[in-house]
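Novice: Attaching a single structure in structure tokens format; questions to follow.
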Amino acid sequence: MRKINKKERTKKEPALDKIAVFEEPEHETIVLGKYRLVVKIRCNDVCHTYYAKDIESNEDVLIKLGSKEKKELSSDFNNSKALQDGTGIPEVKCRGQENEYNILVMNILGPSLEELFTSCSRKFKLKTVLILADQMLKRLEYVHSKFFIHGNIHPSSFSMGIKDYTDVKKVFLTSFSYTRKYSTSNKPVRCNKHKIGNLKYASLNAHAGLEQSRRDDLESLGYMLVHFAKGDLPWQNLKAISKLDLLDKIYRSKKATSISTLCETLPTEFGLYLNYCRNLEFGETPNYSYLVDIFRNLADKLNIEYDFVFDWERD
């Protein structure tokens with residue numbers, strides 16, 4: 001990595017509309033010889049994500065920086081490459097290493113659904129939830145068709161497109177660090193070698209230490225949809241003295257909360273979806289068309305048009 005002078009900056013910066021911008025880099029920094037870090041937009045326990053500029057082509061990109069000691073970015077790159085041809089899967093350009101960092105360069109995307117959820121006061125209207133559900137189910141169907149499970153479905157795993165680069169109405173599935181091949185055997189095995197992902201949206205089987213399969217991605221998506229539509233989940237604000245304690249409390253709360261209670265105040269279709277997901281066998285192939293139709297039929301019943309006008313686009 002090298003510092004650059006302000007004179008080397010190009011005038012055009014990436015569009016940052018509705019993005020939760022955290023901070024600019026402390027120094028003007030070039031990575032992999034040609035990418036200038038512009039602004040850090042998010043961070044988690046895997047990596048820091050930046051908007052960046054290719055100073056040779058003037059193209060805007062996303063760059064993830066993660067510790068060399070962790071293997072998540074390598075997994076993200078390899079899994080993204082394996083899934084590259086799918087609709088709503090972002091293109092990864094290259095990867096490399098500099099100093100103590102693993103670096104992943106990918107196509108620029110818009111805000112994550114987590115950021116958009118926050119911008120809408122942590123609740124979406126039903127129409128937005130249904131339009132998102134339609135696309136997110138298709139993304140998971142594609143990933144599963146390639147014999148992968150995502151393994152960490154939560155709102156930050158999805159981003160919208162960004163103007164001038166991708167379709168702003170399209171949902172992209174991202175963050176493939178936890179993605180892995182799934183087993184087609186009939187019975188799950190107890191397997192503690194994999195992390196379970198985001199605790200708030202993890203499936204009951206993941207909490208129980210069982211190997212995950214396609215059903216677990218779909219169950220996690222169900223919790224997301226309920227959260228989007230209701231604005232809260234029963235286990236989201238639990239107090240704990242440690243992460244293990246929190247893991248245990250969330251698991252107990254999920255087991256104790258019936259689907260009918262979880263989905264009260266929502267149309268019955270949300271409970272129908274979650275019941276279907278929880279009743280799938282470990283190696284069973286989900287009926288994705290049935291799941292998509294659950295929400296499309298709800299939209300028809302309520303005269304909701306899939307016009308792709310989302311809550312965050314309203315004045």
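Just so you know, we're using full-length UniProt numbering here: the sequence shown kicks off at 1 and counts up by one.
The beta carbon of each residue, even a glycine, is placed where N, CA and C say it ideally should be.
Please read all numbers here as calculations on a predicted model, not as lab measurements.
Just to confirm before moving on: does the CB-CB distance between residue 152 and residue 178 stay below 8 Å?
Specialist: Yes.
Novice: Assign residue 212 to one of two classes, buried (16 or more other C-beta atoms within 10 Å of its C-beta) or exposed (fewer than that).
Specialist: So residue 212 counts as buried.
Novice: Do you know how far the Cα of residue 171 is from the Cα of residue 107?
Specialist: Approximately 14 Å between the Cα atoms of the pair.
Novice: Which stretch, first to last residue, makes up the alpha helix (DSSP H) that contains residue 122?
Specialist: First-last for residue 122: undefined, no H or E at that position.
Novice: Can you name the start and end residues of the beta strand (DSSP E) that residue 277 belongs to?
Specialist: Note, residue 277: premise wrong, no beta strand (DSSP E); alpha helix (DSSP H) at 268-278.
Novice: For a minimum of 3 consecutive residues, which ranges assigned as the beta strand (DSSP E) are wholly contained in the region 156-195?
Specialist: 158-160, 171-173, all fully within the region 156-195.
Novice: On the DSSP bridge assignment, give the partners of residue 263 in chain order.
Specialist: For residue 263, which the question treats as bridged, DSSP gives no partner whatsoever.
Novice: Excluding the 5 residues flanking residue 54 on each side, which residues of the same chain have their C-beta closer than 7 Å to its C-beta?
Specialist: Result list for residue 54: 34, 35, 61, in chain order.
Novice: Quick one: give me the first and last residue of the beta strand (DSSP E) that residue 66 is part of.
Specialist: Counting along the chain, the beta strand (DSSP E) containing residue 66 begins and ends at 60-67.
Novice: Per DSSP, what kind of secondary structure is residue 40 in: helix, strand or coil?
Specialist: Residue 40 falls in the strand class under three-state DSSP.
Novice: In whole angstroms, what separates the C-alpha of residue 88 from that of residue 222?
Specialist: Each residue's alpha carbon lies about 19 Å from the other.
Novice: Go to residue 287, then tell me how far its alpha helix (DSSP H) extends in each direction, as first and last residue.
Specialist: Here residue 287 belongs to no alpha helix (DSSP H), and DSSP marks it neither H nor E.
Novice: State the start and end residues of the unbroken beta strand (DSSP E) segment that holds residue 314.
Specialist: From DSSP, residue 314 is part of no beta strand (DSSP E); its letter is neither H nor E.
Novice: Let's see if you can read the secondary structure: which residues bound the alpha helix (DSSP H) around residue 250?
Specialist: Where residue 250 is concerned, the enclosing alpha helix (DSSP H) stretches over 243-256.
Novice: Mind checking residue 95: buried by the 16 CB within 10 Å criterion, or exposed?
Specialist: It counts as buried.
Novice: On a CA-only basis, which of 226, 287, 250, 244 is nearest residue 237? Give me that one, please.
Specialist: Comparing Cα-Cα distances from residue 237 to each of 226, 287, 250, 244, the minimum goes to 250.
Novice: Would you mind reading off the limits of the alpha helix (DSSP H) that contains residue 50?
Specialist: Per DSSP, residue 50 belongs to no alpha helix (DSSP H); it is in the beta strand (DSSP E), 48-54.
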